[in-house]
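First up is the structure itself, then whatever we jot down about it.
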Amino acid sequence: MLRQHSYWQLFSAVCKKDLQLAFRQRAEIVNPLLFFLIVITLFPLAIGPEPGLLARMAPGIIWVAALLSTMLGLDKLFREDFNDGSLEQLIASSYPLSLTVLGKVVAHWIITGVPLVLMTPLFALLLNLDNQALLATVLTLLLGTPLLSFIGAIGAGLTVGLQKGGILMSLLVLPLYIPVLIFATSAIDTSTMSLDYSGQLAILGAMLVIAVISAPIAISSALKVSVS
Amino acid sequence: MWKWLHPYAKAERAYQLCNTLLPYFAVITVVCMLVGWVWGLAYAPADYQQKDSYRIIFIHVPSAILSMGAYSSMAIAAVIALVWQLRNAELAVIAIAPVGACVTAIALITGAAWGKPMWGAWWVWDARLTSELILLFLYLGVLSLYHAFEDKKAAGRAASILAIVGVINLPIIHFSVEWWNTLHQGATITKFDTKAIDSSMFWPLMVNIVAFAGFVGTVTLMRLKNEILQREKHRPWVRQLLNRG
Amino acid sequence: MQFDSFSDFIAMGGYGFYVWLSFGTCALILLGILLSSLNDTRRIMASVQQQAEREARIQQAKQEQQV
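Chains as they are written, first to last, in full-length UniProt numbering: chain A, 1 to 228; chain B, 1 to 245; chain C, 1 to 67.
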């Protein structure tokens with residue numbers, strides 16, 4: 001078959017399709033955000049409302065909540081395409097699978113990551129974070145959430161063929177999230193001490209670059225295993 | 001490479017190879033384990049600072065080294081399995097994983113039992129302990145992914161992919177944990193003093209490392225044999241094994 | 001020999017509990033995986049044996065029917 005479309009058209013078509021699907025059923029976008037909000041409300045209730053303590057723990061709370069809420073959407077990332085057979089079509093098509101996968105992961109990030117970043121000022125308010133730390137939180141989330149989507153998609157690809165893949169996927173993926181968690185929270189921590197945190201951001205950026213290059217390959221080979 | 005590997009792509013040849021290697025590994029393991037434990041427990045001199053508690057080193061360090069070594073050999077087997085499509089290499093991945101998990105668990109438990117008298121707590125968020133714990137999670141992830149699949153063919157390949165993803169992440173995890181630890185704790189705890197380890201302690205340690213390596217090899221071979229048998233259950237050559245034994 | 005008596009050896013200079021705890025759990029775990037691997041071999045071979053006997057019986061029954 002001749003390739004009638006450029007790679008960019010393919011990428012944007014896959015991305016657009018996933019976004020359209022998500023916007024049609026709003027719950028997919030709203031539910032992880034609500035979950036995120038509720039988890040963040042639970043922490044002050046559990047550890048006490050003292051503002052100093054909350055501000056100290058805020059980076060950890062925000063990031064753990066972000067990890068958990070991105071996990072929610074991951075299970076659905078390939079599930080529907082797997083069930084209706086379109087995943088098989090994508091694999092069989094002459095277009096490179098890693099590119100379609102890249103499109104799907106970017107769409108996942110736009111659906112789960114971007115709203116999270118946009119909502120952060122509200123959470124910062126709840127957890128008593130100052131403006132400096134808020135800026136750091138937004139920056140780390142901006143670099144970190146796409147990384148979470150990429151790593152998580154590997155787990156999602158590996159478990160998509162399984163009946164009860166959801167919980168297994170979180171077991172596989174969460175240990176791999178640890179470096180992201182460490183560097184992101186430490187960047188926010190450093191910012192609260194008015195120190196320079198560009199080093200941590202640079203490392204997060206480097207990990208993101210590595211993930212963008214290598215994760216689609218891993219995801220597509222995982223999908224091929226799951227479909228066969 | 002392919003020419004050299006090719007004969008072992010056949011299950012029967014691989015099984016025979018396991019069988020010929022197994023006795024050597026078993027003998028090395030038994031001899032070194034006996035010598036190493038007796039030497040380490042009874043004959044090696046006590047450390048002038050840590051007294052006799054340091055004797056845990058003779059199992060803690062070998063198991064920690066082997067936990068990493070087993071993971072890297074698992075990842076190498078996984079690469080071979082995916083690149084050359086060798087089914088036996090997939091089986092090797094699954095044969096190593098439980099052994100590696102056990103060795104990692106030993107490293108953690110002995111680390112805790114050493115930490116209690118030395119640092120005063122069973123668990124400290126020391127960089128090495130933490131990355132060892134994450135290593136255990138990675139092993140368990142590979143194992144549970146394998147057992148979640150009904151189709152063992154797909155299971156082997158999925159586990160191989162996860163093992164490779166893990167081995168790429170392992171240095172990053174290790175580095176980040178080490179860096180996080182120095183940030184949070186200020187003073188890092190070093191297991192050895194700056195002085196090099198004395199030869200009266202070094203040699204029993206070496207013997208124990210060989211013993212652990214031998215053990216991991218022995219049990220991996222045994223489990224690989226099992227995996228091959230399990231897969232080839234209905235082949236005539238497995239039937240012939242019955243008549244011989 | 002670093003120790004004067006057997007009870008000294010057990011006491012490990014006061015660290016006996018920790019030393020023997022780690023060596024004990026180590027031995028237990030190593031033995032555990034070794035035995036479970038051996039057990040797996042036995043189980044697989046038993047199932048192969050069973051299958052072989054079953055097929056032999058089927059063969060025999062077929063022959064008897066023909067007779």
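Here a beta-carbon is modelled for each residue, glycine too, at the ideal position from N, C-alpha and C. Keep in mind the model is a prediction, meaning the values are calculated, not measured.
Cβ contact annotation for B:A112 (same chain, cutoff 7 Å, sequence separation greater than five): W122, W123, in chain order. Around the C-beta of A:F36, 16 or more other C-beta atoms lie within 10 Å, and the residue is accordingly described as buried.
Judged by pairs of C-beta atoms under 8 Å, the region 49-61 of chain B does not touch the region 214-233 of chain B, as fewer than three such pairs exist. Straight-line measurement puts the Cα of A:T70 at about 11 Å from the Cα of A:L174. Residue-level contact check: C:A52 touches chain B, since one or more beta carbons of chain B fall below 9 Å from its beta carbon.
By the criterion of a C-beta distance shorter than 7 Å, A:F183 is surrounded in its chain by Q200, I203, L204, once the five residues flanking it on both sides are discounted. Between B:L91 and B:G156, the CB-CB gap stays under 9 Å.
Burial state of C:Y18 is buried, judged by a 10 Å Cβ sphere holding 16 or more other Cβ atoms. No Cβ of chain A is located within less than 9 Å of the beta carbon of B:W123.
Residues of chain C whose Cβ lies closer than 7 Å to the Cβ of B:I59 are, in chain order, S22, F23, C26.
Interface annotation, A:G161: in contact with chain B, CB-CB separation under 9 Å. In the DSSP assignment, A:P49 falls outside any alpha helix (DSSP H), carrying neither H nor E. In the three-state reduction of the DSSP assignment, A:A65 falls in the helix class. Of all C-beta pairs linking the region 72-80 of chain B to the region 6-21 of chain C, fewer than three are shorter than 8 Å, placing the two stretches out of contact. Among the residues facing chain A, B:N19 is not included, as its CB has no counterpart in that chain under 9 Å away. Straight-line spacing of the CA atoms in A:L168 and A:D130 works out to 37 Å. Within chain A, no residue has its beta carbon less than 8 Å from that of B:F212; the closest one is some 24 Å off.
Straight-line measurement puts the Cα of A:G161 at about 10 Å from the Cα of B:D151. Contact of A:M193 with chain B is not assigned, every C-beta pair being separated by 9 Å or more. Going by beta carbons, B:V207 and B:C32 fall inside the 9 Å limit. Along the region 113-181 of chain A, the alpha helix (DSSP H) occurs as fully enclosed runs of 4 or more residues at 114-126, 131-159, listed in sequence order. Shown here, A:L195 sits in coil according to DSSP, grouped into three states, outside any helix or strand. In the DSSP assignment, B:M33 falls within the alpha helix (DSSP H) that extends over 11-38.
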